[in-house]
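First to last, the sequence lines map onto chains A and B.
The opening position of the first sequence corresponds to residue 20 in the numbering used here, with each subsequent residue numbered one higher.
The opening position of the second sequence corresponds to residue 1006 in the numbering used here, with each subsequent residue numbered one higher.
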Amino acid sequence: MHRFAKPSVFLKFTAPILPWLSVLTAILIAAGLYFSLIGSPVDYQQGHTVRIMYIHVPAAWMGLFCYVGMAICGAMSLIWKHPLADICARATAPVGATFTALCLITGSLWGEPMWGTWWVWDARLTSMLILLFLYLGYMALVNAFDDPERGSKAGSALALVGAVNVPIVKFSVDWWNTLHQPASIVRMDGPAVDPSMQLPLALMILGFTCYYFVLLILRVRLELNERRIRALHLSGMFDETATPAAAKDKAYEAGHNAEAKQ
Amino acid sequence: MSLSRAKIRKRQRMYVIGAILLAVGGAAALMLTAFEDSVVFFFSPTEIAEKSPIDPDQRLRIGGLVVEGSVAKQDDGQTIAFAVTDMAETVPVSYRGILPDLFREGQGVVAEGHMSSEGTFIASEVLAKHDENYMPPEVAESLKKSGYWEEIEAKNAEQMRN
């Protein structure tokens, strides 16, 4: 596994995957949207409002999925000091935070017509809000230090400690009574969602997951390239004032080649 | 087999992280167990019966299924009376205000308010709590015809109890 932790290997492996994954994401989300908005029945109680579920549940899944990924990357960066693990964790945080916020917002919009309230402080809603704060705290913490390594150490520690919240979010509806209904999909007796509604849900969950990986690959590539540019800057290659014209030409050559090699 | 110093250090870091996670998880579990009464969103009629008599000044939430046929408008035309049950105990509720759309007989509700000294729950807010089942109307119809509906309702009542 450590073999794959090298940035150059990452760039080589993800380059051919990225276009296919992007197309797959587009197809999954397009089909998912069709089935969630048009090709699925209304709920016997909620009517069309049930369609919020097809955004809300995948967003909640992604919020937890990204957090687990971020915590694992944080652990790998703490234990093995893989720079790539740290970059992955940093790249995941804003994506996970956005999905978590999306989950909270759609949940609120769903709760008003169905429950009769935008927000209550029950265990599920509160733990999900804490998840959002953990993401925001992580993002603030990793950028709070001048030395990026200290920032990622502190951030990884926060991400790992916060991972305790993940099972609390998932099982809050079983451990305590909440206004939020119990799990509908991942539960002992099999899904409590009618098969006709499972299809759009599955498509959206898969689509959101693929979308995350597309974003992750793009963000990690961006960060690796930025680091490369920074390294070139530090080596004085782009330094126009300090170097004579001949060195500048050489610098251009080196930078140009690095770009072409990709 | 002797491990290199770097490997030993990595292994140590792994153990330390594992130990910290266990400690934090344990602390969280203890805290959440200790504060269980504040973490739960509502009490079931059974818990209300166990706790009674409840101080009329104490605000709390009660949750359960609305008893079939119990919803009635009072003479003043504004107060609504109904009963909430978990199939073991039943508590009468009186509420003055607008009910949510999903408020139906046989469905879950959570009411916030206080117990009067006569044993009626005076609600200031009523929220609908729906179950985890999602289905098209036709499926609901056929479930009602085939008799599976009672099973679902009994399960909902059981969830309210724990």
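Don't be surprised by glycine CBs; every beta carbon is placed ideally from N, CA and C.
What is the residue span of the alpha helix (DSSP H) that residue i lies within?
| i | result |
| --- | --- |
| Y154/A | 142-161 |
| I187/A | 184-194 |
| E245/A | 214-253 |
| W80/A | 72-98 |
| Y63/A | Y63/A -> no alpha helix (DSSP H), and no H or E assigned at all. |
| R206/A | Counting along the chain, R206/A falls outside any alpha helix (DSSP H), and DSSP gives it neither H nor E. |
| L1008/B | Neither: L1008/B is in no alpha helix (DSSP H) and is coded neither H nor E. |
| E168/A | 167-181 |
Residue i CB to nearest chain A CB: under 7 angstroms?
| i | result |
| --- | --- |
| G1102/B | no |
| Y1153/B | no |
| N1161/B | no |
| F1040/B | no |
| L1008/B | no |
| V1072/B | no |
What did DSSP end up calling residue i once you bin it into helix, strand or coil?
| i | result |
| --- | --- |
| F29/A | helix |
| V1072/B | coil |
| A1116/B | strand |
| E1094/B | coil |
| F1126/B | strand |
| G1152/B | coil |
| L52/A | helix |
| I36/A | helix |
| R1109/B | coil |
| R109/A | helix |
| N276/A | Because N276/A carries a pLDDT of 48, less than 50, the predicted location of this residue cannot be relied on, and the following value inherits that uncertainty. In the structure shown, N276/A sits in a helix (DSSP, three-state: H, G or I). |
| F1046/B | coil |
| Q281/A | Unreliable placement is indicated for Q281/A, whose pLDDT of 42 sits below 50; the coordinate value is still reported in the next sentence. DSSP places Q281/A in coil when its eight states are reduced to three. |
Under the rule that 16 or more other beta-carbon atoms within 10 Å means buried, what is residue i, buried or exposed?
| i | result |
| --- | --- |
| D1060/B | exposed |
| A49/A | exposed |
| Q1063/B | exposed |
| H199/A | buried |
| F1040/B | exposed |
| P38/A | exposed |
| D62/A | buried |
Using a Cβ-Cβ distance under 7 angstroms, would residue i count as near chain B?
| i | result |
| --- | --- |
| S203/A | yes |
| H275/A | Below a pLDDT of 50, predicted positions are generally treated as unreliable, and H275/A, at 47, falls in that range; the measurement from the model is reported next regardless. With 7 angstroms as the cut-off, H275/A does not count as an interface residue toward chain B. |
| M133/A | yes |
| L198/A | yes |
| Y63/A | yes |
Would you say residue i reaches chain E, if we count a Cβ-Cβ gap shorter than 7 angstroms as a contact?
| i | result |
| --- | --- |
| G255/A | Going by chain labels, chain E is absent from the structure shown, which instead holds the protein chains A and B. |
Can you find at least 3 beta carbon pairs, one from the region 69-76 of chain A and one from the region 50-58 of chain A, that sit closer than 8 angstroms?
yes
Touching or not, the region 118-125 of chain A and the region 181-200 of chain A, by the rule of three or more beta carbon pairs under 8 angstroms?
no
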